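**Q** Structure provided below as structure tokens; questions to follow.
Residue numbers (this note's numbering): 2 to 206.
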């Protein structure tokens, strides 16, 4: 790569603003980011997709050090709130089923890092009180929410599909779909179809 003195790392705000300034077509405008993300300099978001699906986008980057990821405590708490907001029932940490006043939506969580590359617990000295959650923490959290169907991620530049079985969900669970970058041969794009099989089950293609 040719050296360039003007090359620098984007700030979180600049990254979010670039998405907010993108055209409405093909959209969606902002791609999930909102003005609140820009104002608060955060890069995690959520939005509905049609009547039945809810997307949650995470910022799993460790902003202090290292290539692998983790999830700060405040974002973890926000994530669990989003899962609850789209689930009429779920299981608490003890495994007891809880009911919730919410409309059920199928939840798909999008992140850069996989569950097996979220092992970066390098603490930012300016935030020593901030707990960092790793991949096994998220797998355990997702397993408690029956409407959570898939985690979609990258980072490894490989195509890998994992079935995560939940201890609380009667031997069901969620799929982890890890796919290579769009610049990796011979992949041009990623498309995920969620299909209602009309028999009480669904399929993911």
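Every residue, glycine too, gets a C-beta built ideally from N, C-alpha and C. From a predicted model like this one, the values you see are computed outputs, not experimental measurements.
For a test of the three-state rule: what should DSSP assign to residue 39, helix, strand or coil?
**A** Helix at residue 39.
**Q** So who's on the other strand from residue 203, going by DSSP bridges?
**A** Partner(s): 197.
**Q** Tell me whether residue 51 sits in a helix, a strand or coil according to DSSP, three-state version.
**A** DSSP places residue 51 in coil when its eight states are reduced to three.
**Q** How is residue 124 classed by DSSP in three states: helix, strand or coil?
**A** Looking at residue 124 - three-state DSSP - the assignment turns out to be coil, as it is neither helix nor strand.
**Q** Alpha carbon to alpha carbon, what distance is there between residue 126 and residue 206?
**A** Each residue's Cα considered, the two are about 43 angstroms apart.
**Q** Report back the beta-carbon spacing between residue 162 and residue 150 to the nearest angstrom; my notes put them in contact at under 8 angstroms.
**A** Not quite, the Cβ-Cβ distance comes to about 13 angstroms (not below 8 angstroms), so this is no contact.
**Q** To which residues does DSSP link residue 175 through a beta bridge?
**A** According to DSSP, residue 175 bridges with 165.
**Q** Straight-line CA distance for residue 91 to residue 9?
**A** If you take the alpha carbons of residue 91 and residue 9, they lie about 44 angstroms apart.
**Q** Just reading off the beta strand (DSSP E) that residue 146 is part of, what are its end residues?
**A** Taken as a continuous stretch (DSSP letters only), residue 146 belongs to no beta strand (DSSP E), as it is neither H nor E.
**Q** My assumption, with CB atoms under 8 angstroms, is that residue 65 sits in contact with residue 134. Please give the rounded CB distance.
**A** So it is not a contact: roughly 15 angstroms between Cβ atoms.
**Q** My assumption, with CB atoms under 8 angstroms, is that residue 182 sits in contact with residue 160. Please give the rounded CB distance.
**A** With 8 angstroms as the limit, residue 182 and residue 160 do not qualify as a contact, their Cβ atoms being about 11 angstroms apart.
**Q** Tell me residue 79's beta-bridge partners as DSSP assigns them.
**A** According to DSSP, residue 79 bridges with nothing at all.
**Q** Quick one: grab the DSSP three-state call for residue 153.
**A** In this structure, residue 153 counts as strand in the three-state DSSP scheme.
**Q** Does the count of Cβ pairs from the segment 91-107 and the segment 136-152 closer than 8 angstroms reach three?
**A** Short answer: they touch.
**Q** Sort out for me which residues DSSP pairs residue 92 with in a bridge.
**A** Answer by DSSP bridge pairing, in chain order: 98.
**Q** Following the continuous beta strand (DSSP E) through residue 21, name the residue where it begins and the one where it ends.
**A** From DSSP, residue 21 is part of no beta strand (DSSP E) but of the alpha helix (DSSP H) over 13-21.
**Q** Along the chain, where does the beta strand (DSSP E) containing residue 110 start, and where does it finish?
**A** Its beta strand (DSSP E) spans residues 107-111.
**Q** Based on the DSSP secondary-structure assignment, which residues constitute the bridge partners of residue 73?
**A** In DSSP, residue 73 forms a bridge with 133.
**Q** How long is the line joining the alpha carbons of residue 166 and residue 14, rounded to whole angstroms?
**A** The straight-line gap from Cα to Cα measures roughly 37 angstroms.
**Q** Below 8 angstroms on the Cβ atoms is my guess for residue 136 versus residue 116; work out the distance and round it to an integer in Å.
**A** Confirmed, Cβ separation roughly 4 angstroms.
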